[in-house]
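**Student:** Residue numbers (the numbering used here): 29 to 107.
We treat Cβ as the ideally placed atom computed from N, Cα and C, and that holds for glycine.
Fair warning: this is a prediction, and the values are worked out from it, not measured in the lab.
Let me give you the structure first, and then I'll get to my questions.
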C-alpha cells in the first residue's frame with residue numbers, strides 16, 4: 029500500500045550486537061509445568077531451557093550470554 033510503512037523487527041546480526049542482547053523475564057509460578065510456555069507476541073527472542081523441546085538444535089558458534097533484569101547472566105548453549 030502506498031504511504032504505509034511496513035513493520036520491521038530489529039535483530040542483532042553481528043557478534044558485537046549479540047553481546048549486548050538483553051532479556052527481561054518475570055517469575056510468576058516457580059512450580060509450574062516445565063513444558064508450559066508463555067506467549068509474548070511482541071518478543072524478538074524466545075528462550076527455552078528444555079533442549080528436548082527443540083525440533084532441531086545447533087550448538088552456539090561463539091560464547092553468548094543473556095542478561096536478566098536482576099543482572100544475572102546465563103550462557104546460550106545453542107539455537
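Determine which residues share a DSSP beta bridge with residue 93 and list them.
**Tutor:** Counting from 1 along the chain shown, the entry for residue 93 is found at position 65. 103.
**Student:** Can the beta-carbon of residue 79 be found closer than 8 Å to that of residue 85?
**Tutor:** Counting from 1 along the chain shown, the entry for residue 79 is found at position 51. Counting from 1 along the chain shown, the entry for residue 85 is found at position 57. Against a cut-off of 8 Å, the Cβ pair of residue 85 and residue 79 comes out as a contact.
**Student:** Is the Cβ-Cβ distance between residue 104 and residue 83 less than 8 Å?
**Tutor:** By one-based count along the chain shown, residue 104 stands at place 76. By one-based count along the chain shown, residue 83 stands at place 55. In this structure, residue 83 does not lie closer than 8 Å to residue 104 by Cβ.
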